[in-house]
Amino acid sequence: MKEIIIATKNRGKVKDFDTLFAPLNIKVTSLLDLPEEIEDIEETGTTFEENAAIKAEAICEKFRVPVIADDSGLVVDALNGAPGVYSARYAGEQKDDQANLQKVLKGLEDVAQEKRIARFVCVLAVAKPGEVTVFKRGECEGTIGKEPAGEFGFGYDPIFYPTGSKRTMAQMTPEEKNQISHRRKALDQLMNWVKEQ
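Residue numbers (our numbering): 4 to 200.
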């Protein structure tokens, strides 16, 4: 594998993948780098796996090269698994990080700290022309704080305390976050798989 398309328009995610694939000399291209505009693919799945596969397979079909798509989100036990697959648009279609995060905090207003258990989940789907889609899943366990803290990261990072940490994901440097994140865990599994190919 010399080149891979990452099915995202999110610069933060592209950077994560770039860092991981650089040592393997695999060129990473995102949807922002393609010569033609890619319409947003409707994520109609009810699981992270289904949504990741929908994106990866659609783009693989179009360009006939390996494609990695991820679907990731925050799963909060006290909110019955919400926001889950709706993490990006939890507070509405406009995909507003601040509004999403406030909606989670509001939903947990009366929930005791020890019951604010959550995890970030990342599922990577790898679609290769003519092959069965492969899935890799990573999770990062933690709890939801009472208010946002930290300048780094994106999404729900400012309210998420990884297990054993006194800092939110947004208070960690990108390097620190990369060591423990759900995406990192999924990518480690992916790396092992790529090396075996």
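In this text, a Cβ means the ideal position worked out from N, Cα and C, and glycines have one as well. Because the structure is a prediction, the values reported are computed rather than measured.
According to DSSP, which residues form a beta bridge with residue i?
| i | result |
| --- | --- |
| I44 | Answer is none; I44 lacks a bridge partner. |
| P177 | Bridge partners of P177: none, in fact. |
| Y164 | T146 |
| P86 | V78 |
| H6 | Contrary to the premise, residue 6 reads as Glu rather than His in this sequence. In DSSP, E6 forms a bridge with K30. |
Quick one: residues in its chain with C-beta nearer than 6 Å to the C-beta of residue i, no 5 flanking neighbours on either side, listed in chain order?
| i | result |
| --- | --- |
| F20 | I9 and V31 |
| G15 | F157 |
| N181 | R187 |
State yes or no: is the C-beta of residue i within less than 9 Å of the C-beta of residue j?
| i | j | result |
| --- | --- | --- |
| G156 | M175 | yes |
| D74 | V137 | no |
| A173 | A152 | yes |
| G76 | P86 | yes |
| A59 | V129 | yes |
| A55 | A72 | yes |
| Y93 | V114 | no |
Closest Cβ-Cβ distance between residue i and chain C: below 9 Å?
| i | result |
| --- | --- |
| D36 | Here chain C cannot be found, since the structure has a single protein chain. |
Could you work out which residue in the options is closest to residue i when comparing CA atoms only?
| i | options | result |
| --- | --- | --- |
| D43 | F51, D191, E52 and A61 | A61 |
| N28 | F66, D80 and E6 | E6 |
| G48 | V114, L34 and I57 | I57 |
| F66 | A55, L34 and L193 | L34 |
| Q192 | T146, L23, K12 and P38 | L23 |
For residue i, which residues of its own chain have a beta-carbon under 7 Å away from its beta-carbon, when the five flanking residues on both sides are left out?
| i | result |
| --- | --- |
| D100 | F157 and G158 |
| K118 | A81 |
| L104 | P151, Y159, P161 and I162 |
| V78 | G84, G87, A121, R122 and V124 |
| H185 | S75, F123, V124, C125, G141, E142 and C143 |
I'd like the span of the beta strand (DSSP E) that includes residue i, first residue to last.
| i | result |
| --- | --- |
| L2 | Residue 2 lies beyond the residue range present for the chain, which begins at 4 and ends at 200; the question has no answer from this structure. |
| F138 | V137 to I147 |
| S75 | V70 to V79 |
| V114 | That residue, V114, is in no beta strand (DSSP E); it is neither H nor E in DSSP. |
| T32 | K30 to S33 |
First and last residue of the alpha helix (DSSP H) that includes residue i?
| i | result |
| --- | --- |
| V17 | R14 to F24 |
| A55 | F51 to F66 |
| E199 | H185 to E199 |
| G110 | D100 to G110 |
CB-CB under 8 Å to residue i, same chain, minus the five flanking residues each way: which ones, in chain order?
| i | result |
| --- | --- |
| G167 | none |
| E199 | none |
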